[in-house]
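Everything in the sequence shown is counted per numbering that gives the first Met the number 0, starting at 0 for the first residue and increasing by one. Scroll down for the structure; my scribbles are underneath it.
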Amino acid sequence: MEPTGHSTDFVVDASFPEAMARFVRRAERRWPGLYLNGEPLAPSASASWRLPPSDDDAPGIVTFSAGRHMEDFWEEHGYATDATGQGPFSVFHRLHPHALRAETVSGVRSDSPDAEAAAEGTRLLLTWFHAVSLVTPGDPDVDPFSAEVLDDFLASYAAPDRPRV
(Lines of atoms letter the chains of each structure in order from A; the text may use other names.)
(Lines give C-alpha, C1' and ligand atoms only; values in the text may rest on other atoms or scores of the structure.)
Protein backbone atom coordinates (compact mmCIF):
# COMPACT_ATOMS: atom_id res chain seq x y z
CA MET A 0 0.00 0.00 0.00
CA GLU A 1 1.21 3.51 -0.78
CA PRO A 2 1.89 5.72 2.24
CA THR A 3 -1.14 7.86 2.96
CA GLY A 4 -2.05 10.66 5.30
CA HIS A 5 -0.67 14.09 6.02
CA SER A 6 1.76 14.75 8.86
CA THR A 7 1.71 17.97 10.85
CA ASP A 8 4.83 18.03 13.04
CA PHE A 9 5.47 19.70 16.38
CA VAL A 10 8.10 20.10 19.06
CA VAL A 11 6.18 19.91 22.32
CA ASP A 12 7.14 20.60 25.93
CA ALA A 13 6.42 18.61 29.09
CA SER A 14 2.69 19.35 28.83
CA PHE A 15 2.33 16.74 26.06
CA PRO A 16 0.92 13.84 28.19
CA GLU A 17 -1.81 16.03 29.73
CA ALA A 18 -2.63 17.66 26.40
CA MET A 19 -2.98 14.19 24.86
CA ALA A 20 -5.45 13.23 27.60
CA ARG A 21 -7.51 16.32 26.69
CA PHE A 22 -7.21 15.42 22.98
CA VAL A 23 -8.58 11.92 23.67
CA ARG A 24 -11.54 13.45 25.53
CA ARG A 25 -12.22 15.72 22.55
CA ALA A 26 -12.05 12.70 20.20
CA GLU A 27 -14.53 10.81 22.36
CA ARG A 28 -16.95 13.73 22.09
CA ARG A 29 -16.53 13.57 18.29
CA TRP A 30 -16.98 9.78 18.19
CA PRO A 31 -18.84 8.30 21.20
CA GLY A 32 -17.77 4.80 19.98
CA LEU A 33 -14.11 5.87 19.86
CA TYR A 34 -11.46 3.25 19.18
CA LEU A 35 -7.95 3.91 20.47
CA ASN A 36 -5.14 1.76 19.14
CA GLY A 37 -7.62 -0.55 17.43
CA GLU A 38 -9.67 -1.24 20.57
CA PRO A 39 -12.95 0.27 21.77
CA LEU A 40 -12.63 2.81 24.55
CA ALA A 41 -15.08 2.04 27.33
CA PRO A 42 -17.76 4.73 27.68
CA SER A 43 -16.42 7.73 29.62
CA ALA A 44 -13.01 6.03 30.03
CA SER A 45 -11.41 9.07 28.45
CA ALA A 46 -11.79 10.86 31.80
CA SER A 47 -9.05 8.68 33.28
CA TRP A 48 -7.06 7.94 30.10
CA ARG A 49 -3.32 8.48 30.33
CA LEU A 50 -0.64 8.30 27.67
CA PRO A 51 0.92 4.82 27.83
CA PRO A 52 4.62 4.81 28.65
CA SER A 53 6.81 4.43 25.59
CA ASP A 54 10.22 2.95 25.03
CA ASP A 55 12.83 5.74 24.77
CA ASP A 56 14.27 4.02 21.68
CA ALA A 57 11.00 3.75 19.75
CA PRO A 58 8.25 6.22 18.99
CA GLY A 59 4.86 5.81 20.61
CA ILE A 60 1.63 5.92 18.65
CA VAL A 61 -2.00 6.54 19.54
CA THR A 62 -4.48 5.73 16.77
CA PHE A 63 -8.03 7.08 16.62
CA SER A 64 -11.04 5.78 14.71
CA ALA A 65 -14.82 5.95 14.94
CA GLY A 66 -15.24 2.21 15.44
CA ARG A 67 -14.75 -1.21 13.89
CA HIS A 68 -16.13 -0.05 10.52
CA MET A 69 -13.48 2.69 10.32
CA GLU A 70 -10.76 0.29 11.47
CA ASP A 71 -11.70 -1.98 8.54
CA PHE A 72 -11.83 1.00 6.16
CA TRP A 73 -8.38 2.08 7.39
CA GLU A 74 -6.97 -1.37 6.72
CA GLU A 75 -8.13 -1.17 3.11
CA HIS A 76 -7.70 2.54 2.30
CA GLY A 77 -5.11 3.87 4.75
CA TYR A 78 -5.51 7.40 6.07
CA ALA A 79 -8.44 8.55 3.94
CA THR A 80 -11.86 10.00 4.48
CA ASP A 81 -14.87 7.75 4.05
CA ALA A 82 -18.32 8.55 2.64
CA THR A 83 -19.08 10.63 5.77
CA GLY A 84 -16.03 12.84 5.12
CA GLN A 85 -14.24 11.53 8.22
CA GLY A 86 -11.31 9.18 8.64
CA PRO A 87 -8.82 7.71 11.06
CA PHE A 88 -5.94 9.73 12.49
CA SER A 89 -2.92 9.12 14.68
CA VAL A 90 -0.44 10.83 16.94
CA PHE A 91 3.15 9.60 16.74
CA HIS A 92 5.37 10.80 19.56
CA ARG A 93 8.84 10.40 20.90
CA LEU A 94 10.47 11.82 23.99
CA HIS A 95 13.88 13.36 23.38
CA PRO A 96 15.68 13.71 26.73
CA HIS A 97 18.21 16.11 25.21
CA ALA A 98 18.48 19.87 25.10
CA LEU A 99 17.00 21.63 22.11
CA ARG A 100 18.07 25.11 21.05
CA ALA A 101 16.93 27.40 18.28
CA GLU A 102 18.71 30.60 17.33
CA THR A 103 15.55 32.51 16.46
CA VAL A 104 11.89 31.77 17.10
CA SER A 105 9.69 33.04 14.29
CA GLY A 106 6.13 32.68 13.11
CA VAL A 107 4.80 32.81 16.68
CA ARG A 108 1.03 32.58 17.16
CA SER A 109 -0.70 32.74 20.51
CA ASP A 110 -4.03 33.57 22.10
CA SER A 111 -2.13 36.41 23.73
CA PRO A 112 -0.56 39.21 21.67
CA ASP A 113 1.80 39.81 24.62
CA ALA A 114 3.07 36.21 24.38
CA GLU A 115 3.59 36.59 20.63
CA ALA A 116 5.59 39.79 21.12
CA ALA A 117 7.62 38.25 23.96
CA ALA A 118 8.58 35.14 21.94
CA GLU A 119 9.02 36.40 18.37
CA GLY A 120 12.70 36.74 17.52
CA THR A 121 13.97 35.22 20.77
CA ARG A 122 16.04 32.08 21.22
CA LEU A 123 14.54 28.77 22.30
CA LEU A 124 16.00 26.46 24.92
CA LEU A 125 14.29 23.29 26.13
CA THR A 126 15.95 20.77 28.43
CA TRP A 127 13.94 17.95 26.81
CA PHE A 128 11.05 17.73 24.42
CA HIS A 129 8.59 15.51 22.58
CA ALA A 130 8.70 15.27 18.79
CA VAL A 131 5.06 14.81 17.75
CA SER A 132 3.40 14.12 14.41
CA LEU A 133 -0.35 14.37 13.98
CA VAL A 134 -1.24 12.25 10.94
CA THR A 135 -4.60 13.08 9.39
CA PRO A 136 -6.33 11.81 6.24
CA GLY A 137 -5.55 15.01 4.35
CA ASP A 138 -3.78 18.33 4.49
CA PRO A 139 -5.59 20.47 7.09
CA ASP A 140 -5.21 23.47 4.76
CA VAL A 141 -7.58 21.86 2.24
CA ASP A 142 -9.43 19.02 4.03
CA PRO A 143 -12.14 20.23 6.46
CA PHE A 144 -12.12 17.07 8.60
CA SER A 145 -8.32 17.13 8.99
CA ALA A 146 -8.55 20.84 9.87
CA GLU A 147 -11.04 20.02 12.65
CA VAL A 148 -8.73 17.33 14.04
CA LEU A 149 -5.78 19.75 13.99
CA ASP A 150 -7.91 22.42 15.69
CA ASP A 151 -8.84 19.91 18.42
CA PHE A 152 -5.17 18.99 18.87
CA LEU A 153 -4.14 22.65 19.18
CA ALA A 154 -7.07 23.40 21.52
CA SER A 155 -5.85 20.58 23.79
CA TYR A 156 -2.91 22.86 24.67
CA ALA A 157 -5.17 25.72 25.73
CA ALA A 158 -6.30 24.15 28.99
CA PRO A 159 -8.35 26.58 31.09
CA ASP A 160 -6.98 24.95 34.24
CA ARG A 161 -3.33 25.68 33.35
CA PRO A 162 -1.81 27.46 36.35
CA ARG A 163 -0.42 30.95 35.96
CA VAL A 164 3.19 31.37 36.97
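Ideal Cβ positions, reconstructed from N, Cα and C, are used throughout, including at glycine. Note that the structure is a prediction, hence the values are computed from the model and not measured.
- Pairing G66 with G32 gives a Cβ-Cβ distance under 7 Å.
- In the three-state reduction of the DSSP assignment, P112 falls in the helix class.
- Classified as exposed, S43 has fewer than 16 neighbouring CB atoms from the shown chains inside 10 Å of its CB.
- With a cut-off of 8 Å on Cβ pairs, the stretch 87-95 is not in contact with the stretch 103-115, counting fewer than three such pairs.
- Linking A114 to L123 through their CA atoms gives a straight-line distance of about 14 Å.
- The alpha carbon of L50 has as its nearest neighbour, out of D56, L35, S64, the alpha carbon of L35.
- Taking the CA atoms as reference points, T103 sits about 43 Å from E75.
- Checking the DSSP bridge columns, you'll see V107 has no partner listed.
- Going by C-alpha positions, P87 is about 14 Å away from F22.
- With at least 16 other beta carbons inside 10 angstroms of its own, E27 counts as buried.
- G4 has its alpha-carbon roughly 22 Å from the corresponding atom of A18.
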